[in-house]
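Numbering (my numbering) for the sequence shown: 44 to 398.
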Amino acid sequence: MTEAGRSYRIASIPGDGIGVDVTVEARSVLDRAAELHGFGLRWTEFDWSCERYTETGRMMPEDGIEQLADFDGIFLGAVGFPGVPDHVSLWGLLIPVRRAFAQYVNLRPVRLLPGTTSALAGRSADELEMVIVRENSEGEYSEMGGRHNKGHSGEFVLQESVFTRVGVERIIRYAFDLARTRSGRVCSATKSNGLIHSMPFWDEIYAEIAAEYPDVQSEQMHVDALAARMVQQPDRLDVVVASNLFGDILSDLAAAVTGGLGMAPSGNINPPGEYPSMFEAVHGSAPDIAGKGIANPVAQMLAGAMMLEHLGEADAAQAVRGAVEKVLAEGAVATPDLGGESTTADLGAAVTAAV
Ligand code: NAD
Ligand code: IPM
Ligand code: MN
Numbered sequence: 044m045t046e047a048g049r050s051y052r053i054a055s056i057p058g059d060g061i062g063v064d065v066t067v068e069a070r071s072v073l074d075r076a077a078e079l080h081g082f083g084l085r086w087t088e089f090d091w092s093c094e095r096y097t098e099t100g101r102m103m104p105e106d107g108i109e110q111l112a113d114f115d116g117i118f119l120g121a122v123g124f125p126g127v128p129d130h131v132s133l134w135g136l137l138i139p140v141r142r143a144f145a146q147y148v149n150l151r152p153v154r155l156l157p158g159t160t161s162a163l164a165g166r167s168a169d170e171l172e173m174v175i176v177r178e179n180s181e182g183e184y185s186e187m188g189g190r191h192n193k194g195h196s197g198e199f200v201l202q203e204s205v206f207t208r209v210g211v212e213r214i215i216r217y218a219f220d221l222a223r224t225r226s227g228r229v230c231s232a233t234k235s236n237g238l239i240h241s242m243p244f245w246d247e248i249y250a251e252i253a254a255e256y257p258d259v260q261s262e263q264m265h266v267d268a269l270a271a272r273m274v275q276q277p278d279r280l281d282v283v284v285a286s287n288l289f290g291d292i293l294s295d296l297a298a299a300v301t302g303g304l305g306m307a308p309s310g311n312i313n314p315p316g317e318y319p320s321m322f323e324a325v326h327g328s329a330p331d332i333a334g335k336g337i338a339n340p341v342a343q344m345l346a347g348a349m350m351l352e353h354l355g356e357a358d359a360a361q362a363v364r365g366a367v368e369k370v371l372a373e374g375a376v377a378t379p380d381l382g383g384e385s386t387t388a389d390l391g392a393a394v395t396a397a398v
């Protein structure tokens, strides 16, 4: 931030598919909130995407990480599109940014808002609220391993997981600290019955840290049973802490039970603030609806609110959330996933006006 009229430098990477549509609308809402709350957002837009890959052979330039390093925040749409293999596009942009900037917490809060409908029958707004604290820098997402005997009958691949003591401790501690500011309940996702090294290690560290927080109610569940609980008794969950892959899968499930993927924001957080944090929706580029102008931009707007909060602009963040809630509760403007017939731009305009 620079003083003399607060302003923040934000890198915007709309990316691919609906990432582009939802980012435009979310930026308009954030700009309005900034204007009303007396600060500026200075955007620099980057065209890093699958389209760029097709033209140049790279998702981002070789010095892409350096180019982002001095921003106060990164606002990402979505990455990935048919024509470029997903492991190429995501390991060429999203995942390197998360790692280079030690964004080891992926924070994914979800809440069923008035005016939206859960995929679960009989659930009403404000009854469902939880947050996935997903490990975001190691675990099952690893480049270690390889493909051997390619093309022969003995062909095989090895895909290693990496769980470090530092990495596991810090994510679990983050979850317990967060629980103290919320319900005081943490549930850890494990799978120590099937994974013989990584998850017993995770559980051992979880127990050590839980002992440091006697005031927080803690439990652990195998991730399969936890998935069932998320559907059958979601109100028994609040802070859920999980490894990279488990957290990824649970966050789409949590989004589905609280109004859908169009509603779920996420923050890739570097807690010490040494590097910029990155904010994006949980969902991807949705090639099936890309270009149709009907994507729900709410998840991206709420990710923007998380970014404002992270920058220290809590009132503006609350104004964005309030505007989203007001428009959804009124129900006159809703995209097809919310049961309406409005466009992405209609919803963007309505929320911008409501800020
Ligand atoms: P997806 O989240 O893009 O889409 C899943 C389903 O949800 C689709 O039917 C889609 O239409 C719907 N959906 C998602 N967001 C929506 C919104 N805002 N409004 C209305 N409907 C919405 O998941 P996918 O199909 O598995 O992935 C598509 C591409 O996106 C892949 O290349 C994948 O790797 C990538 N991806 C990127 C990110 C990211 O950049 N953070 C996240 C997830 C997936
Ligand atoms: C997410 C996405 C990414 C992930 C993919 C696109 C690599 O699904 O942010 O949830 O798994 O981290
Ligand atoms: Mn995901």
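The beta-carbon is built from N, C-alpha and C at its ideal position, and this holds for glycine as well.
Could you tell me which residues DSSP pairs with residue i in its beta bridges?
i: phenylalanine 199; result: His191
i: asparagine 311; result: Asn149 and Met321
i: valine 174; result: Pro152 and Val282
i: threonine 87; result: Ala54
i: arginine 228; result: Gln260
i: glycine 48; result: None, per the DSSP bridge assignment.
i: valine 205; result: Gly182
Around the Cβ of residue i, are there at least 16 other Cβ atoms within 10 angstroms (buried) or fewer (exposed)?
i: glycine 81; result: exposed
i: glycine 305; result: buried
i: methionine 187; result: exposed
i: methionine 105; result: It is glutamate, not methionine, that sits at residue 105 in the sequence shown. Exposed: under 16 other Cβ atoms inside 10 Å.
i: lysine 193; result: exposed
i: leucine 119; result: buried
i: histidine 191; result: exposed
i: valine 148; result: buried
i: glutamine 263; result: buried
i: valine 274; result: exposed
i: aspartate 64; result: buried
i: glycine 100; result: exposed
i: alanine 307; result: buried
Can you list, in chain order, the residues of its chain whose CB lies under 7 Å from that of residue i, leaving out five sequence neighbours each side?
i: serine 19; result: Outside the displayed span of the chain (44 to 398) sits residue 19, for which this structure offers no information.
i: isoleucine 61; result: Ala121, Ser328, Ala329, Ile332, Ala333 and Ala338
i: valine 229; result: Ala218, Phe219, Ala222, Val259, Ser261, Val282 and Val284
i: threonine 395; result: Ser71, Val72 and Arg75
i: tryptophan 245; result: Phe206, Val211, Thr233 and Ser286
Short of 6 Å in beta carbon distance, which residues of its chain neighbour residue i, apart from the five on each side in sequence? Order them along the chain.
i: tyrosine 401; result: What the structure shows of the chain is the stretch from 44 to 398, and residue 401 is not part of that stretch, so it cannot be assessed.
i: glutamate 88; result: Ser55
i: threonine 45; result: With a pLDDT of 49 at threonine 45, under the threshold of 50, the predicted position of this residue should be treated as unreliable, though the coordinate-derived value follows. None.
i: tryptophan 86; result: Ile53 and Ser55
i: glycine 391; result: Glu68, Ser71 and Pro340
i: glycine 58; result: Ser92, Gly120, Ala121 and Val122
i: alanine 348; result: Ala360, Val363 and Arg364
i: proline 125; result: Pro330
Measuring straight from C-alpha to C-alpha, what distance separates residue i and residue j?
i: methionine 242; j: valine 205; result: 11 Å
i: proline 277; j: histidine 265; result: 15 Å
i: aspartate 291; j: serine 55; result: 23 Å
i: leucine 136; j: arginine 177; result: 19 Å
i: lysine 335; j: arginine 49; result: 37 Å
i: asparagine 311; j: arginine 216; result: 16 Å
i: glutamate 68; j: alanine 112; result: 25 Å
i: glutamate 198; j: leucine 150; result: 38 Å
i: alanine 232; j: leucine 269; result: 7 Å
i: leucine 238; j: proline 340; result: 38 Å
i: leucine 73; j: proline 379; result: 23 Å
i: valine 376; j: methionine 173; result: 26 Å
i: proline 314; j: alanine 357; result: 17 Å
i: glutamate 317; j: glycine 165; result: 44 Å
i: leucine 371; j: serine 167; result: 14 Å
i: glutamine 18; j: alanine 397; result: Outside the shown range of the chain, which is 44 to 398, sits residue 18, and nothing can be said about it.
i: arginine 279; j: serine 286; result: 20 Å
i: alanine 388; j: histidine 240; result: 49 Å
i: asparagine 236; j: aspartate 267; result: 11 Å
i: proline 139; j: leucine 345; result: 24 Å
i: serine 180; j: valine 367; result: 31 Å
i: valine 325; j: alanine 297; result: 10 Å
Go through its chain and collect everything with a Cβ distance to residue i's Cβ below 8 Å, but skip five positions before and after it.
i: valine 200; result: Gly188, Gly189, Arg190 and His191
i: isoleucine 248; result: Arg208, Val211, Glu212 and Ile215
* Taking only runs of the beta strand (DSSP E) that begin and end inside the stretch 231–316, which ones reach a length of at least 3 residues, in chain order? -> 260–265, 282–285 and 308–312
* To do: Enumerate, from N- to C-terminal direction, the unbroken alpha helix (DSSP H) stretches of 4 or more residues contained entirely within the stretch 326–384.
  => 341–353 and 357–373
* beta strand (DSSP E) runs contained entirely in the stretch 90–137, provided each spans 3 or more residues -> 116–121
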